[in-house]
Ligand SMILES: [Zn+2]
Ligand SMILES: [Zn+2]
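In my numbering, the protein residues as written are 13 to 119.
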C-alpha cells in the first residue's frame, strides 16, 4: 500500500512563508532562488498552501539542478519504503512518476 501525495515531484519544498515574491510566482527557483527563464525552469506542479486561514494556490518552479536533486532524493526515499518497488518497480505508479521526473529534469 503506497502512501503518496500525488505530486509529480514529491519532494519537500521550502515553506511558502520563507520564500520571496519571485519564488512564489515561479520567477525564481524555489530552492536556490536563482532567477529562471522559461527555457530553464521546471514546473513543479501547482501546490496549495494555507495563508492566514485561506488556501492559496501557487506554482513553484525550480532550476534544473535543484529539481534533479530533489526528484532524485524523493525517488530514493520512496524506493526505501515502497514494497511495490522492491517487488516490481515497473508496477509502482508513484515510483514510475518519480523516475520519469528525474529523467525529464536531467534532459
Ligand atoms: Zn535552484
Ligand atoms: Zn514504489
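Every residue gets a Cβ at the ideal spot worked out from N, C-alpha and C, and that includes glycine.
Beta-bridge partners of residue 59 (DSSP): 70. Per the C-alpha coordinates, the member of 108, 63, 35 positioned closest to residue 94 is 108. The beta carbons of residue 75 and residue 46 sit about 5 Å from each other, so the pair counts as a contact at 8 Å.
A buried status is given to residue 73, since no fewer than 16 other beta-carbon atoms sit within 10 Å of its beta-carbon. Going down the chain, each residue whose beta-carbon is closer than 7 Å to a heavy atom of ligand 2 shows up: 14, 90, 91, 94, 96, 97, 101, 104, 106, 107. The criterion of a C-beta distance shorter than 7 Å is satisfied by residue 78 and residue 44.
Look at residue 53 here: in three-state DSSP terms it is coil, with no helix or strand label. Excluding its 5 nearest sequence neighbours in each direction, residue 97 has C-beta neighbours in its own chain below 6 Å: 91, 104, 107, listed in chain order.
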